[in-house]
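K.L.:
One structure coming up, written as structure tokens, with questions to follow.
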Amino acid sequence: MALTLLRGIRTQALPRANAGLFCTTRLSPLARFTTRVEGVQTTSPKAAPTSIQQAAKEAAEQKMQGFEAVIGIETHVQLSTLTKAFCSCPYDYGSQPNSTVCPTCMGHPGTLPVLNAKVVECAVKVALALNCEVSMTSKFDRKQYFYPDLPKGYQISQFDIPIAEKGYIDLDLPVEFGGGHRRFGVTRVHIEEDAGKLLHSESGNYSQVDLNRAGVPLLEIVSEPDMRTGIEAAEYGAEVQRLVRYLGVGNGNMQEGSLRCDVNVSVRPIGQSEFGTKVEIKNMNSFNEISRAIDYEISRQIHLHKESQADQIVQETRLWNEASQKTFTMRKKEGLADYRYFPEPDLAEVVLTSEYVDEIRNSLPELPEAKRRRYENMGLSMQDVIFLANDDNVAHFFDSTLEHGADAKLAANWIMGDMTAYLKDEKLSIHESKLTPLELSEMIASIKNGTISGKIAKEILVELIAKGGTVKSVIEEKDLIQIADPAAIVAMVDKVLADNPKQLEQYRAGKTKLQGYFAGQVMKASKGKASPVLLNKILGEKLKGS
Amino acid sequence: MLSAAASAIPRLRCAAPPRQASSRTQWSLLWRRPLSSSPNVAPAAAAASGPGALEPPDLPRLAKSARISLSPQEAEEFAPKIQQVVDCSLELALYDIENKPEREGLRKKDNSLMNYLHTAVGSSLREDKAEPFANRDAIIEALPSYDDPYIKVPRVLNSE
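Top line first, the protein sequences correspond to chains A and B.
Start counting the first sequence at 1; every next residue gets the next number (UniProt numbering).
Start counting the second sequence at 1; every next residue gets the next number (UniProt numbering).
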């Protein structure tokens, strides 16, 4: 069925068609095609996951026209250590320009770098979390080039002996994109320092430099070219972010620049073993942009291949332009940069002992992948699993709630549904919620044993998140205990039926929908406390009987 | 002696077998690599071009990379001096540290470069404790061109 939809799109028009598609954000693959082709029945939203996956797969294959994309990502993660990598300057994002600087990070003559021990610890943590082989000895090198935001004229980095190599990362693709488990290789992880910020003044013939950021420690994580689609690449980036936040080594904010991704994309005909010419893309500020930029670039390259202009694909750096949803050439480089790497003579080797590495390994928290597998084994759906494991704080809240005896599925529903909706509206994060995991489990238990109804629970949930307190006290204070005594309900039903003879007439005449009206009246009379289940049962019997 | 060392280079490069990576031999492996990471310098080409025929340094290219302007006389003057530096580094690289007895504590003076780089864990690391630089004013004073609060630099069009 997806194929029928796709035949409506001509291949020559592909780039323009894609331009229209990319204006939307994160629609399911089927939704895209329904807007373009009229009169075709779509699968209902409640279709089984396998057919969505199948349709997504077929759609993707058709779009690739016999080519496959090869994508690799270089991620730079800013470490949130208290001081910079090679000097004792503090670093705060948003400080007054050129305030967190010293002669060392400004590259003044006669200064020497001294490595921050915390940087090594963070690097080893990330390396272990990425299942890498940690090098017990590694060294620093100078990467030399001239640029105003690089005070020393070289960047201290690690060239041929990085601190870690040959790892991998496991992730789950979002359900709305077909789901599925992936494992992507990590070529290497190394330590380096960040450069300052360069700003271009609007008028005038000068630029401006802020060196606050110069010398901030970075970890460069280079992936194997294992990704094949924009979604896979975006999810890889998201998982790295998740990992970094779980480990507490950085805040991984793309908007702030503490997580930066450069992507390399090439295409080749399916079955060919050689890689095609790879193109680097920069300037993507969110994971969605990464996904769209890659998809655009893939279709651009496939288009050139189809037009027999494959030689027009050159090894270059292109910038993603979010406004026009296209990539543009930054500049055609004359050749590869010659960084003249040589070992940094001012820094000693980084030598690790196996005790040190083991200590760090034992101190690692439960990582996202392990959490997801654990939640999956509890019987939660993949959608729930991915949501709960996404944010460490949410997962912690969920785990605590379970510790107090709540049922996993119910707890997941409450957290993912009402709680998240409220927090989002009030722009709060989960640890600002005054509702404690204990009280949430209390609330779930109260519904289960019939003390309150689900509807009442929704109301008190909001109160508890905002003001705290215990479930018990709120129920008592507001007199919300569900009326579950059949006799009491019978009495109320009788009264309502007696008070509304006209509607009762109409009901007997055939307007059966009025049962809802009666139910509403009873609810009103009971101030919402009547047990809905019991109410409808008794009401049904009464109405039938009469 | 230098030229003998230089002429020995091509043969040694071809003959060097891969070693097990103990950290000392790792260093010697490093130094056996071409000194420049540039793709333009290919060890095979250098080795193959006959005895003593390591490429002389391309001075104009070197000067351009270092953003230093050289007059033709200066280039002529500097070329042999730079060649000497290169030869000296190569001699260091060729120094055979494999067959020397293991020593505890201080290394031999000739291995001074290796000595410098090798150290125990912890001794050369710094605690992650902030110490803001006290004399920021002196730094600002020392800047050639300041446009409060930024450092003013010529307009950057591209990096080349």
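Positions of the beta carbon are idealized from the N, C-alpha and C atoms, including for glycine.
Bear in mind the structure is a predicted one, so any value in this text is a computation, not a measurement.
Chain A partners of P132 of chain B, CB-CB under 9 angstroms?
P.N.:
What P132 of chain B touches in chain A: S88, C89, P90, S99, T100, C102.
K.L.:
With a threshold of 9 angstroms between beta carbons, is S400 of chain A in contact with chain B?
P.N.:
So no, S400 of chain A is outside the interface.
K.L.:
Within 9 angstroms (strictly less), CB to CB, does Y95 of chain B reach chain A?
P.N.:
With 9 angstroms as the cut-off, Y95 of chain B does not count as an interface residue toward chain A.
K.L.:
Going residue by residue through the segment 481–532 of chain A, where are the continuous alpha helix (DSSP H) segments of at least 4 residues, counting only ones entirely within it?
P.N.:
Runs found: 486–499, 501–509, 514–525.
K.L.:
Mind checking which residues open and close the alpha helix (DSSP H) that includes D137 of chain B?
P.N.:
Here the alpha helix (DSSP H) through D137 of chain B covers 136–142.
K.L.:
Decide yes or no for the touch test of the segment 219–236 of chain A against the segment 202–209 of chain A: beta carbon pairs closer than 8 angstroms, at least 3 of them.
P.N.:
Touching, no, given that fewer than three Cβ pairs across the two stretches are closer than 8 angstroms.
K.L.:
By the 10 Å Cβ neighbour count, where 16 or more other Cβ atoms means buried, how is V267 of chain A classified, buried or exposed?
P.N.:
Buried: at least 16 other Cβ atoms inside 10 Å.
K.L.:
If you follow the alpha helix (DSSP H) that residue 165 of chain B is part of, which residue opens it and which one closes it?
P.N.:
Summary: the structure shown does not reach residue 165 of chain B, with chain B confined to residues 1 through 160, and so no result is reported for it.
K.L.:
Is the beta carbon of L90 of chain B sitting closer than 9 angstroms to the one on F78 of chain B?
P.N.:
No, the pair does not count as a contact, with Cβ atoms beyond the cut-off.
K.L.:
Could you tell me whether the Cβ of F275 of chain A comes closer than 9 angstroms to any Cβ of chain B?
P.N.:
No, F275 of chain A lies away from the interface with chain B (no Cβ there is under 9 angstroms from its Cβ).
K.L.:
Counting only C-beta atoms, is D58 of chain B closer than 9 angstroms to chain A at any point?
P.N.:
Not an interface residue.
K.L.:
Can you pull the chain A residues whose beta carbon is under 9 angstroms from the beta carbon of P154 of chain B, in chain order?
P.N.:
Here the neighbours are P148, N205, Y206, S207.
K.L.:
At which residues does the alpha helix (DSSP H) containing L59 of chain B begin and terminate?
P.N.:
First-last of the alpha helix (DSSP H) with L59 of chain B: 59–65.
K.L.:
Quick check on this structure: which residue in A:H190, A:Q96, A:E442 has the alpha carbon closest to the alpha carbon of L128 of chain A?
P.N.:
When only C-alpha atoms are compared, the closest one is A:H190.
K.L.:
Does the segment 126–141 of chain A come close enough to the segment 122–138 of chain B that 3 or more CB-CB pairs lie under 8 angstroms?
P.N.:
Verdict: no, contact absent.
K.L.:
Between the beta-carbon of M492 of chain A and the beta-carbon of S526 of chain A, is there less than 9 angstroms?
P.N.:
The answer is yes: Cβ separation under 9 angstroms.
K.L.:
What is the DSSP secondary structure of E322 of chain A, counted as helix, strand or coil?
P.N.:
Coil at E322 of chain A, not helix or strand.
K.L.:
Tell me the DSSP secondary structure of H214 of chain A in three-state form.
P.N.:
Residue identity check: residue 214 of chain A is Ala in the sequence provided, not His. Residue state, collapsed to three classes: coil.
K.L.:
Among A:V77, A:G230, A:G250, which residue has its Cα nearest to the Cα of S291 of chain A?
P.N.:
It is A:G230 whose Cα lies nearest to the Cα of S291 of chain A.
K.L.:
What distance in whole Å lies between the Cβ atoms of K129 of chain B and L82 of chain A, which are believed to be in contact at a cut-off of 8 angstroms?
P.N.:
About 7 angstroms; that satisfies the 8 angstroms criterion.
K.L.:
Would you mind working out which of A:C87, A:E224, A:I161 sits nearest C105 of chain A, comparing C-alpha positions?
P.N.:
Out of A:C87, A:E224, A:I161, A:C87 has the C-alpha closest to the C-alpha of C105 of chain A.
K.L.:
Are there 16 or more other CB atoms within 10 angstroms of the CB of R372 of chain A, so buried, or fewer, so exposed?
P.N.:
When all chains shown are included, R372 of chain A counts as buried.
K.L.:
Starting from R372 of chain A, trace the alpha helix (DSSP H) both ways and give me its first and last residue.
P.N.:
Here the alpha helix (DSSP H) through R372 of chain A covers 368–377.
K.L.:
With distances taken Cα to Cα, identify the nearest neighbour of D311 of chain A among A:N321, A:V279, A:S286.
P.N.:
The option with the nearest alpha carbon to D311 of chain A is A:V279.
K.L.:
P149 of chain B CB to nearest chain A CB: under 9 angstroms?
P.N.:
Yes - at least one Cβ of chain A is within 9 angstroms of the one on P149 of chain B.
K.L.:
Find the nearest neighbour of L539 of chain A within the set A:K529, A:G528, A:G516, A:K524, judged by alpha-carbon distance.
P.N.:
Measuring from the Cα of L539 of chain A, the nearest candidate turns out to be A:G516.
K.L.:
Assign F177 of chain A to buried or exposed, taking buried as 16 or more other Cβ atoms, counted over all protein chains shown, within 10 Å of its Cβ.
P.N.:
Flag for F177 of chain A reads buried.
K.L.:
Consider the Cβ of E91 of chain B: report whether some Cβ of chain A lies at a distance smaller than 9 angstroms.
P.N.:
With 9 angstroms as the cut-off, E91 of chain B does not count as an interface residue toward chain A.
K.L.:
Output yes or no for whether 9 angstroms exceeds the beta carbon distance between K166 of chain A and C132 of chain A.
P.N.:
Contact: yes.
K.L.:
L125 of chain B CB to nearest chain A CB: under 9 angstroms?
P.N.:
Judged by the 9 angstroms Cβ criterion, L125 of chain B is in contact with chain A.
K.L.:
Where do the ends of the beta strand (DSSP E) carrying I151 of chain B lie?
P.N.:
Residues 150–154.
K.L.:
So that I know if they touch, is there some Cβ in chain B lying closer than 9 angstroms to that of R340 of chain A?
P.N.:
Closer than 9 angstroms: yes.
K.L.:
For N393 of chain A, which of helix, strand or coil comes out of DSSP?
P.N.:
DSSP places N393 of chain A in helix when its eight states are reduced to three.
K.L.:
Verify the CB distance criterion: does K478 of chain A have a CB-CB separation below 9 angstroms to chain B?
P.N.:
Not one chain B Cβ lies under 9 angstroms of K478 of chain A.
K.L.:
DSSP three-state label for residue 547 of chain A, please.
P.N.:
Nothing in the structure corresponds to residue 547 of chain A, since chain A is present only between 1 and 546.
K.L.:
Closer than 8 angstroms by C-beta to Q83 of chain B: which residues in its own chain qualify, once you throw out the five before and the five after it? Chain order, please.
P.N.:
Correct list, in chain order: P56, P57.
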